[in-house]
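When you line the sequence shown up against our numbering, it's residues 14 to 168, in that order.
Let me begin by presenting the structure, written as structure tokens, before commenting on it.
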Amino acid sequence: MNFSQFIALAFAALFGIGTANADSLHQEMMLVEIFTTTDLEVQWKPVTGTKEVHQNIDVQIYELDGIQRSEAQISSNLPTDPKQSKQIALQRIQQLDDQATSAIQNAAIGLAKAMQYGLDRCPAIVFDGAVVVYGLTDLKTALDYYQTWRAGARL
Numbered sequence: 014m015n016f017s018q019f020i021a022l023a024f025a026a027l028f029g030i031g032t033a034n035a036d037s038l039h040q041e042m043m044l045v046e047i048f049t050t051t052d053l054e055v056q057w058k059p060v061t062g063t064k065e066v067h068q069n070i071d072v073q074i075y076e077l078d079g080i081q082r083s084e085a086q087i088s089s090n091l092p093t094d095p096k097q098s099k100q101i102a103l104q105r106i107q108q109l110d111d112q113a114t115s116a117i118q119n120a121a122i123g124l125a126k127a128m129q130y131g132l133d134r135c136p137a138i139v140f141d142g143a144v145v146v147y148g149l150t151d152l153k154t155a156l157d158y159y160q161t162w163r164a165g166a167r168l
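This is the structure in structure tokens:
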């Protein structure tokens, strides 16, 4: 386990992160989890007011580099004196705003789930916690692949 994975698990434990089972909310709801980084733009624009399948999709997007980005901001321009540097870093951590805390929490959840699913690269889109499509950030294209695979699997 590397340091980033350890930090992700620590944040998951710290924030008391739990997951809700999509099936308990609605039997036909599909859970789609997108594992990406901030430099890869996710393409997903559900069409409102239509009867498309998109209305029954719960999309969760995890930006896995959130902890690294926060670490870089916290560590930026710290003095060379270790004692003073530690004090300033702790002060910066205590002053994190809701957006920064949310990004760290999102990354921690995403890293923990990526480990749970055994994901080995990014981007990845996971359907219902079982099927992975790698290399895409366009959810419509990944959904087409997934639906084609499911139709073939049922034949």
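Glycine included, every Cβ here is placed at the ideal spot set by N, Cα and C.
Because the structure is a prediction, the values reported are computed rather than measured.
Residue i (DSSP reduced to helix, strand or coil)
i, result
"R84", "Residue 84 is actually Glu in this sequence, not Arg. It is helical."
"L152", "helix"
"T49", "strand"
Rounded C-alpha distance that separates residue i from residue j
i, j, result
"G142", "Q97", "45 Å"
"L109", "W162", "43 Å"
"K99", "A164", "56 Å"
"M43", "Q160", "12 Å"
"A116", "E41", "29 Å"
"S88", "A120", "18 Å"
"A26", "A125", "Residue confidence is low: A26 scores 48 on pLDDT, short of 50, so the model does not pin down where it sits. Its coordinate-derived value is still stated next. Taking the straight line joining both Cα atoms gives about 10 Å."
"Q107", "G79", "17 Å"
"R82", "M128", "20 Å"
"V72", "V45", "5 Å"
"I122", "L91", "28 Å"
"A102", "L77", "22 Å"
"N69", "T50", "25 Å"
7 Å CB neighbourhood of residue i in its chain, flanking five on each side removed
i, result
"Q104", "none"
"R10", "This structure gives no information on residue 10, because the portion of the chain shown stretches from 14 to 168."
"A113", "S83"
Close Cβ partners of residue i (< 8 Å) along its chain, the five nearest in sequence each way excluded
i, result
"V145", "Y130, L132, A137, I138 and V139"
CB-CB length for residue i against residue j, believed under 8 Å
i, j, result
"L152", "Q56", "7 Å"
Same chain, Cβ closer than 6 Å to residue i, five either side skipped, listed in chain order
i, result
"I47", "V55, I74 and I138"
"L53", "P136 and T150"
Problem - Segments assigned beta strand (DSSP E), at least 3 residues, entirely inside the region 69 to 145 - result: 70 to 76 and 137 to 140
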